[in-house]
């Protein structure tokens, strides 16, 4: 009986949350489950200008109606802290360990 009450209580709490609140909770969970990434900025000639390491984090951006990244990528790097770079000139690689 206690399990049933707990399940109904949790269902009620989640149903009472706004969509924005639920999105924030899931984003926080996603931050905890981040990956190790190497983010590189590429010049016009195709050469890598600078690279950053993102440990156990994530890289975020805006998305268009088709779900494609647009504008800028935003992330927190180990080397320099907060970074914002254009999507069109960026390579993101997962670091395998």
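Numbering (our numbering), first residue to last: 5 to 101.
All residues carry an ideal CB built from backbone N, CA and C; glycine is no exception.
All figures in this text were calculated on a predicted structure; none of them were measured in a lab.
Non-local beta-carbon contacts of residue 89 in its own chain, meaning distances under 7 angstroms to residues more than five positions away in sequence, involve 45, 76 and 77 in chain order.
DSSP, read as helix, strand or coil, puts residue 74 in strand.
In its own chain, leaving out the 5 sequence neighbours on each side, no residue places its CB closer than 6 angstroms to the CB of residue 7.
If the five residues before and after residue 91 are omitted, its C-beta is found closer than 7 angstroms to the C-beta atoms of 65, 73, 74, 75, 76 and 77, all from its own chain and listed in chain order.
Secondary structure note for residue 60: its beta strand (DSSP E) is the uninterrupted segment 52-61. Each of 22, 11 and 40 was checked against the Cα of residue 101, and the nearest Cα belongs to 40.
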